[in-house]
Every structure is written in structure tokens, then in C-alpha cells.
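Novice: Residue numbers (UniProt numbering): 1 to 265.
Cβ atoms here follow ideal geometry from the backbone N, Cα and C, with glycine treated the same way.
Here the structure is a predicted model, which is why all the values come from computation and not from measurement.
One structure, as C-alpha cells, below. Some questions next.
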């Protein structure tokens, strides 16, 4: 699909594309572009932007786009795209399918679909598009969905015994997101289950130092309990107690110092 040059035209296209086949009202478009203080000419300006957007889409007709891709309705506009034409829709579909497979015990298949969903991410969400209230909500939803899919895939791979591969990935992630305790907990667990107890304890200590220095806090009770389990449990007892069960996965909201994981790019 051709990408318009004007920032507000790109903004309109993005909002319409994230709601494929659904009417986007004039009010929603006005709020998106100008917030609570729109100009008196807001509706006519939107019509001008839509005109330029339609021209750009017409230039893309040679790329297989239908001529009536952008429809005008009484109360707004609709972009008649099939859902799979939008990466965000493909991501949500694959992520939902992958999560459902994992929860039904089909871990390998679920992990594969979740990996395919995560691979659709390229850079930051809407990095070159200005956005207002409506697009900001879409960005938050996408980022939260990404976090959930990433956590689900890591959990599936841990259950499948792929500790070495998960460990390498988690080391990169905790470097990018040093205050995310959920990631640190998974790294500590993966190292332990891979037989690297000393590395696991060092990873815990590194997190403790980061939290003390940055936030003046200790690790969450769940992580402290995880450390005690590593220190006192036998290898068999540890495996049975933590056994890649959901109890092992530390709730990212359990600690007041936790910052939500953003998209790993």
C-alpha cells in the first residue's frame, strides 16, 4: 500500500487501517488529529486530507488495490481492507491462536505461532506516524498484546525444556529492560533448570543491585522466594517445586517498582 507523505494524512490512514472494514466517525478523526481544541475548519480539513489519501490509494491501484478501497459514509469513512492485509490484525490472530494452543497443552505448535506473531514486529509501533488519543489506545493495546505473547512463548519454550535458547534471549531482554522483574525471574529460572545454579544466583544478585540503585527497593517477595528455593532446594525438589508451572511465572505487576516491558526491538 502506498504511504502518503503528509503526517496528518498518514495519521488518518493508520487509524483507518487499524479498523479495517469498520466505520471511523468524523468525531473520532477530529479527536485524533486535534484533541479537545479542533479548529473550526476541522471537518473541511479532514475532507481535504481524505482527498489526498484517496489519490494516494488510487496510485496504488496498480499494486492490486481495489478502486473503492476508501469508502465515504454519512458519519465518516471506512477502509475496506481484508483483516490479513494489516500486520496488526495478523499479529492478533496468530497470537490468539498460539496462546490457545499453549493453554491446551500443544506447546510446540503454540510456540511456533507465537514466534510468527512476534516476528511481524519491526521497530517501534507507529514510529513514523504522529498519533493522538485513538491511535495511542491502539499502541497501548498492541504493546500489551506483544508482552502477553512474548511471555506466553517464553513459558512454552521453558516447558519444552529449551532452557539454553531461552536463556540467551532473556539475557538480551533483561539488558534492554533492566527493571522488568518478570524477565529476570525467567532468566534465573532458566539458568537453574539448565544446571547453572551459580549463574542463576549471580543473575538474582545483579537484579537486586539494579533495583536498589535505581529504585531503592528489594526484589519482590516472589523473587526472594525463588532465590531461597535455589539456595536450599535439591535439584529434584527444585524441578518439582518450580517444574515450569504457572506458579513459576512471576506476575509483572507484583512489585511496585516494576515497569511494563515494552516492545523488544
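#1: Taking the straight line between their C-alpha atoms, what separation do you get for residue 79 and residue 174?
#2: Do you know offhand how far residue 228's Cα is from residue 169's?
#3: Assuming residue 267 is part of the alpha helix (DSSP H), what are its boundary residues?
#4: Using three-state DSSP, classify residue 28 as helix, strand or coil.
#5: So for residue 81, helix, strand or coil by DSSP?
#6: Identify, in the order they occur along the chain, each residue of the same chain with its Cβ nearer than 7 angstroms to the Cβ of residue 8, setting aside the five sequence neighbours on each side.
#7: Is residue 211 a contact residue of the ligand COA, with contact defined as CB to any heavy atom under 7 angstroms?
#8: Buried or exposed, going by whether 16 or more other CB atoms sit within 10 Å of the CB of residue 133?
#9: Given this structure, state the Cα-to-Cα distance separating residue 12 from residue 142, to the nearest angstrom.
#10: Classify residue 105 as helix, strand or coil using the three-state DSSP reduction.
#11: Per DSSP, what are the beta-bridge partners of residue 76 in this structure?
#12: Just the C-alpha distance for residue 166 and residue 147, rounded to the nearest angstrom, thanks.
#13: With three or more beta-carbon pairs closer than 8 angstroms as the criterion, would you say the region 145 to 162 touches the region 15 to 35?
#14: To the nearest angstrom, report how far apart residue 73 and residue 85 are at their CA atoms.
#15: Determine, using beta carbons only, whether residue 207 and residue 184 come nearer to each other than 8 angstroms.
#16: Who are the Cβ neighbours of residue 90 in its own chain at under 7 angstroms, not counting the five residues just before and after it?
#17: Taking the alpha carbon of residue 20 as the reference point, which residue from 44, 105, 81 and 42 has its own alpha carbon closest?
#18: Excluding the five sequence neighbours on either side, which residues of its own chain have a C-beta within less than 7 angstroms of the C-beta of residue 77, listed in chain order?
#19: Look at the alpha carbon of residue 179 and the alpha carbon of residue 210, and state the distance between them as a whole number of angstroms.
#20: Pick out whichever of 68, 199 and 215 has its Cα sitting closest to the Cα of residue 231.
#21: State buried or exposed for residue 159, treating a residue as buried only when at least 16 other CB atoms are found within 10 Å of its CB.
#22: Name, in chain order, the residues that DSSP records as bridge partners for residue 223.
#23: Going by DSSP in three states, residue 71 sits in which element: helix, strand or coil?
#24: Assuming residue 117 and residue 95 form a contact by the criterion Cβ under 8 angstroms, report the distance between their Cβ atoms to the nearest whole angstrom.
#25: Report the CB separation of residue 163 from residue 194 in whole angstroms; it is logged as a contact under 8 angstroms.
#26: With 16 other CB atoms within 10 Å as the buried threshold, where does residue 108 fall?
Specialist: On the basis of the supplied data:
#1: The residue given as residue 79 occupies position 79 in the chain shown. The residue given as residue 174 occupies position 174 in the chain shown. The alpha-carbon atoms of residue 79 and residue 174 are separated by roughly 39 angstroms.
#2: Residue 228 sits at position 228 when you count from the first residue of the chain shown. Residue 169 sits at position 169 when you count from the first residue of the chain shown. Roughly 25 angstroms between the two C-alpha positions.
#3: No answer is possible for residue 267: the residues shown for the chain start at 1 and end at 265.
#4: Looking up residue 28 in the chain shown gives position 28. DSSP places residue 28 in helix when its eight states are reduced to three.
#5: If you number the chain shown from 1, residue 81 lands on position 81. Looking at residue 81 - three-state DSSP - the assignment turns out to be coil, as it is neither helix nor strand.
#6: Residue mapping note: residue 8 aligns to position 8 of the chain shown, counting from 1. Residues of the same chain with a CB within less than 7 angstroms of the CB of residue 8, apart from the 5 flanking positions on each side, are 33 and 49 in chain order.
#7: For the structure depicted, the ligand COA is absent and the ligand set is empty, with no information on it obtainable.
#8: Locating residue 133 in the chain shown gives position 133, counting from the first residue. Looking at its Cβ environment, which holds fewer than 16 other Cβ atoms inside 10 Å, residue 133 is exposed.
#9: The residue labelled residue 12 in the question sits at position 12 within the chain shown. The residue labelled residue 142 in the question sits at position 142 within the chain shown. Annotation: residue 12 to residue 142 spans about 18 angstroms, alpha carbon to alpha carbon.
#10: To locate residue 105, count along the chain shown from 1; it is residue 105. In the structure shown, residue 105 sits in coil (DSSP, three-state: anything other than H, G, I, E or B).
#11: Position 76 of the chain shown, counted from the first residue, corresponds to residue 76. For residue 76, which the question treats as bridged, DSSP gives the partners 25.
#12: Position 166 of the chain shown holds residue 166. Position 147 of the chain shown holds residue 147. Taking the Cα positions, residue 166 is about 16 angstroms away from residue 147.
#13: Touching, no.
#14: Your numbering for residue 73 matches position 73 in the chain shown. Your numbering for residue 85 matches position 85 in the chain shown. Within the model, the alpha-carbon separation for residue 73 versus residue 85 is close to 22 angstroms.
#15: Looking up residue 207 in the chain shown gives position 207. Looking up residue 184 in the chain shown gives position 184. Closer than 8 angstroms, so yes.
#16: Position 90 of the chain shown holds residue 90. For residue 90, the CB contacts under 7 angstroms within the same chain, skipping 5 residues up- and downstream, are 84 and 120 in chain order.
#17: On the chain shown, position 20 is the one that residue 20 refers to. That would be 81, whose Cα lies nearest to the Cα of residue 20.
#18: Within the chain shown, the letter at position 77 stands for residue 77. 16, 24, 50, 70 and 71.
#19: What you label residue 179 is simply residue 179 of the chain shown in a count that begins at 1. What you label residue 210 is simply residue 210 of the chain shown in a count that begins at 1. For residue 179 and residue 210, the distance between alpha carbons rounds to 7 angstroms.
#20: Here residue 231 refers to the residue found at position 231 of the chain shown. Comparing Cα-Cα distances from residue 231 to each of 68, 199 and 215, the minimum goes to 199.
#21: Position 159 of the chain shown, counted from the start, is the residue given in the question as residue 159. Label assigned to residue 159: buried.
#22: Taking the chain shown and counting its residues from 1, the one referred to as residue 223 is at position 223. Paired residue(s): none; residue 223 is not in a bridge.
#23: Along the chain shown, read from residue 1 onward, the residue named residue 71 stands at position 71. The DSSP-derived three-state label of residue 71 is strand.
#24: One-based indexing of the chain shown puts residue 117 at position 117. One-based indexing of the chain shown puts residue 95 at position 95. So it is a contact: roughly 4 angstroms between Cβ atoms.
#25: Here the question's residue 163 lines up with position 163 in the chain shown. Here the question's residue 194 lines up with position 194 in the chain shown. Yes, they are in contact, since the Cβ atoms of residue 163 and residue 194 sit about 4 angstroms apart, within 8 angstroms.
#26: Walking along the chain shown from the start, residue 108 turns up at place 108. So residue 108 counts as exposed.
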